[in-house]
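When we follow the UniProt record's numbering, the leftmost residue of the sequence shown carries the number 1, and every step to the right adds one.
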Amino acid sequence: MTNETGVTLASRNQTNAPLLTSTAATSVLNECEHLPERVTEYRVYSVRWMILAAVALSNFTNAFCWICFASVSTLTNEYFNSENASFYLSYIFIFATIPIALLAIPTSDVIGLKNSIWIAAACNGVGNIIRMASIFTDGYKLPLMYIGTAIAAFAYPWIMFLPPKVSGTWFPTNQRAIATAIGIMANPLGVMMANVISPLVINDPQHVPYIVYIVGIPAVLAMFISFIFVHRNTPAIPPAATSVKTSVPYWEGLKECFSNVQYLVILTVLGGGIGMFNTLYTVMNGMLCSSGYSTTISGTCAALMVTGGIFGSVASGIFVDRTKKFGLTIKVALTMAVIFGIGFVYLAYIPNITPLLILSAIVFGFFGLSAYPTGLELAAECTYPVSEGISAGFIVLAGQIYSVILGFGMNALSTKATGEREHIQTCYAKTTDTLFALDYWYANMFVAGIASSFALICLIFLRPVLKRTMADKLSSPSVVIEEGTPLSETTAIRS
């Protein structure tokens, strides 16, 4: 079957780019050429929003659970009577992500979307129940908190690649990018709220249990929402032709992804972007306090960075849903994020320029975080019909690996603050041999060089082919009907 320009899928493969590299993927996409010439009815269900809400709330509470003690570390350590309690409670998530992700990525397609959501919600909910229960124990308070946090951490790899799977399965083509953005951006929103709420709630070591309840109760709610509303892997009638693609086996999908040059470009630049954002977010307080800024300023910058990212993600999601200009969007977003990200780290080195620092944080967040959900959708487009769990999962995994590499790199290149910086720093009341502010000048140069290379790779090598969109256009003429709308009163949206 030909499309409106009379070009078949096979001829596109020959004239534009080598779209497929495996026989399994080829056979799936070729089905689009042999669909009958008839109008196909697709249907969208209102329950899709509850499924997305369950995933987003799990993502939000999981991120909150991860970082809630970081901004009140000394009070947390005092409450648990351990000098390393806050450190271990935060880093359990990072250490658990990589091995669990290697299990979750191939398993998710075998067990299906419903069970993947249930596992994520159950790990997050049960882990937080154990964390809340630990408050009522005496001698086992910290060990139980570690156990509960570890179980909640097991949910993270499952949660992070669920949004593109949910949007691709339950949402029509004109809502997928915004649905992915909602699900993905719940994570940095959770990080932001943790950094805002924890210092407000915890002013004394005995207030630590409050934040455990604040995050734990919504996590349990997300678990129940998942169990109540998520009962199917797929809708009875799909919302689009590509929502019912034949599944490509895991190893074939893996081969398809890692032999696809465009996916490797996205994996490199988006994974690197995730790693750089996580690293910058982690060291931000140290960067700013060494220049004389207070913890209030660093918290404000972190919160506004995520706030800007939420607006940017919504805007980019709406734009690509309407225009399908994924490549242009990711290039603009990533390039601007690099420019303003480099600007932020160098402005952070200069004392007493708070307004410029805040402005650069907002703009950096707007472009930097907007690239994330758009990039995951673009990866799904370029690797179709490979499962979104595979394409998104390895990007998330790459982001965690980059976070470790960049974090250790910045730490190695940071030196003890001396001279004027030693006097203006607000990191510690008094500098000692073991507690001292850091000078991030060389670390900033390292970050600037890596970030610039990611932007250049994206601008030069990213030439995406939207195979999923192409498959939708090559399918039969169709109408999308909202659930519960009588056919006689249907306003059809032709796709």
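Glycine included, each C-beta is placed from N, C-alpha and C at the ideal position.
Practice problem: Look at the alpha carbon of residue 237 and the alpha carbon of residue 178, and state the distance between them as a whole number of angstroms. | Solution: For the purposes of this step, residue 237 is taken as the residue at position 237 of the sequence shown. For the purposes of this step, residue 178 is taken as the residue at position 178 of the sequence shown. So the two alpha carbons sit approximately 21 Å from each other.
Exercise. Look at the alpha carbon of residue 36 and the alpha carbon of residue 221, and state the distance between them as a whole number of angstroms.
Key: Along the sequence shown, read from residue 1 onward, the residue named residue 36 stands at position 36. Along the sequence shown, read from residue 1 onward, the residue named residue 221 stands at position 221. For residue 36, the predicted structure reports a pLDDT of 47, less than 50, and the residue's modelled location is therefore unreliable. The matter cannot be settled from this model.
Quiz item: Run through DSSP, which three-state label would residue 204 get?
Solution: Taking the first residue of the sequence shown as position 1, residue 204 is located at position 204. Residue state, collapsed to three classes: coil.
Quiz item: To the nearest angstrom, how far is it from the Cα of residue 407 to the Cα of residue 415?
Solution: Translated into positions along the sequence shown, residue 407 becomes position 407. Translated into positions along the sequence shown, residue 415 becomes position 415. Cα to Cα, residue 407 sits roughly 14 Å from residue 415.
Quiz item: When DSSP labels each residue in this structure, what does residue 463 get in the three-state scheme?
Solution: The residue given as residue 463 occupies position 463 in the sequence shown. Coil at residue 463, not helix or strand.
Exercise. State the DSSP-derived secondary structure class of residue 416, mapped to helix, strand or coil.
Key: Counting from 1 along the sequence shown, the entry for residue 416 is found at position 416. Collapsing the DSSP output to three states places residue 416 in a strand.
Self-check item: Closest by C-alpha distance to residue 299, when choosing among 43, 61, 70 and 109
Solution: For this step, residue 299 is matched to residue 299 along the sequence shown. Ranking 43, 61, 70 and 109 by CA distance to the CA of residue 299 puts 70 first.
Exercise. Leaving aside the five residues before and after residue 379 along the sequence, list all residues of the same chain whose C-beta is less than 7 Å from its C-beta, in chain order.
Key: Locating residue 379 in the sequence shown gives position 379, where the first residue counts as 1. The residues are 263, 266, 391, 392 and 395.
Quiz prompt | Span separating the alpha-carbon of residue 424 from that of residue 409 | solution = The residue given as residue 424 occupies position 424 in the sequence shown. The residue given as residue 409 occupies position 409 in the sequence shown. Looking at the backbone, the Cα of residue 424 and that of residue 409 are separated by about 25 Å.
Quiz item: Looking at the structure shown, is residue 439 part of a helix, part of a strand, or coil, going by DSSP?
Solution: In the sequence shown, the residue the question calls residue 439 occupies position 439. Residue 439 falls in the strand class under three-state DSSP.
Practice problem: Measure from the alpha carbon of residue 261 to the alpha carbon of each residue in 53, 46, 57 and 464, then state which is nearest. | Solution: Translated into positions along the sequence shown, residue 261 becomes position 261. Of the listed residues, the one whose Cα sits closest to residue 261 is 464.
Practice problem: Could you have a look at residue 44 and say whether DSSP puts it in helix, strand or coil? | Solution: In the sequence shown, residue 44 corresponds to position 44, counting from 1. Of the three classes helix, strand and coil, the one that applies to residue 44 here is strand, per DSSP.
Exercise. Measure the C-alpha to C-alpha separation of residue 103 and residue 451 and round it to an integer number of angstroms.
Key: In the sequence shown, counting from the first residue as 1, residue 103 sits at position 103. In the sequence shown, counting from the first residue as 1, residue 451 sits at position 451. The straight-line gap from Cα to Cα measures roughly 30 Å.
Exercise. Taking all protein chains shown into account, decide if residue 355 is buried (16 or more other Cβ within 10 angstroms of its Cβ) or exposed.
Key: Stepping through the sequence shown from its first residue, residue 355 is reached at position 355. With fewer than 16 Cβ atoms within 10 Å of its Cβ, residue 355 is classed as exposed.
Quiz item: What are the boundary residues of the alpha helix (DSSP H) that includes residue 262?
Solution: Numbered from its first residue, the sequence shown carries residue 262 at position 262. Annotation: the continuous alpha helix (DSSP H) that includes residue 262 extends over 261-289.
Practice problem: Can you grab the Cα-Cα spacing for the pair residue 191 / residue 212, in whole Å? | Solution: Translated into the one-based positions of the sequence shown, residue 191 becomes position 191. Translated into the one-based positions of the sequence shown, residue 212 becomes position 212. Approximately 14 Å between the Cα atoms of the pair.
Self-check item: Range covered by the alpha helix (DSSP H) that runs through residue 319
Solution: Your numbering for residue 319 matches position 319 in the sequence shown. Residue 319 -> alpha helix (DSSP H) spans 295-323.
Quiz item: Start and end of the alpha helix (DSSP H) containing residue 330?
Solution: Against the sequence shown, residue 330 aligns to sequence position 330. It spans 326-347 - the alpha helix (DSSP H) in which residue 330 sits, taken as one unbroken run.
Self-check item: Whole-Å CB distance - residue 366 paired with residue 311, under 8 Å assumed
Solution: Taking the sequence shown and counting its residues from 1, one reaches residue 366 at position 366. Taking the sequence shown and counting its residues from 1, one reaches residue 311 at position 311. Contact holds; Cβ gap of about 6 Å.
Exercise. Tell whether a beta-carbon distance below 9 Å holds between residue 158 and residue 45.
Key: Within the sequence shown, residue 158 is the residue found at index 158, counting from 1. Within the sequence shown, residue 45 is the residue found at index 45, counting from 1. No, the Cβ-Cβ distance between residue 158 and residue 45 is not below 9 Å.
Quiz item: Taking C-beta to C-beta, are residue 168 and residue 278 nearer than 9 Å?
Solution: The residue labelled residue 168 in the question sits at position 168 within the sequence shown. The residue labelled residue 278 in the question sits at position 278 within the sequence shown. Contact check for residue 168 against residue 278 fails: the beta carbons are separated by 9 Å or more.
Quiz item: For the alpha helix (DSSP H) that contains residue 128, what are its first and last residues?
Solution: On the sequence shown, residue 128 is found 128 positions in, with the first residue counted as 1. 85-134 is the span of the alpha helix (DSSP H), which, as asked, contains residue 128.
Self-check item: Cβ shell of residue 106 (< 7 Å), same chain only, five flanking positions each side left out
Solution: Counting from one through the sequence shown, the residue named residue 106 turns up at place 106. Closer than 7 Å at the Cβ level, and outside the excluded window around residue 106, lie 250.
Quiz item: Does the Cβ-Cβ distance between residue 61 and residue 205 come in under 9 Å?
Solution: The sequence position of residue 61 within the sequence shown is 61, counting from 1. The sequence position of residue 205 within the sequence shown is 205, counting from 1. Cβ atoms of residue 61 and residue 205: not closer than 9 Å.
Practice problem: Determine contact between the segment 214-232 and the segment 47-61, defined as no fewer than three beta-carbon pairs at a distance below 8 Å. | Solution: As far as the Cβ criterion goes, the segment 214-232 touches the segment 47-61, which means the pair count is three or higher.
Quiz item: What whole-angstrom Cβ distance do residue 173 and residue 373 have, given they're in contact under 8 Å?
Solution: Translated into the one-based positions of the sequence shown, residue 173 becomes position 173. Translated into the one-based positions of the sequence shown, residue 373 becomes position 373. In fact, because the Cβ distance is near 16 Å, the residues do not count as touching under 8 Å.
Quiz item: Once you ignore the five residues that flank residue 142 on each side, which residues in its own chain have a CB closer than 7 Å to its CB?
Solution: Here residue 142 corresponds to residue number 142 of the sequence shown, with the count starting at 1. 80, 82 and 85, listed in sequence order.
Exercise. Please confirm if the segment 336-348 is in contact with the segment 136-151, defined as three or more CB-CB distances below 8 Å between the two stretches.
Key: Taking 8 Å as the limit for Cβ pairs, the verdict is that the segment 136-151 does not touch the segment 336-348.
Exercise. List the whole-angstrom C-beta distance separating residue 443 from residue 422, where the pair is believed to meet the contact cut-off of C-beta under 8 Å.
Key: Reading the sequence shown from its first residue, position 443 is the one you call residue 443. Reading the sequence shown from its first residue, position 422 is the one you call residue 422. About 17 Å; that fails the 8 Å criterion.
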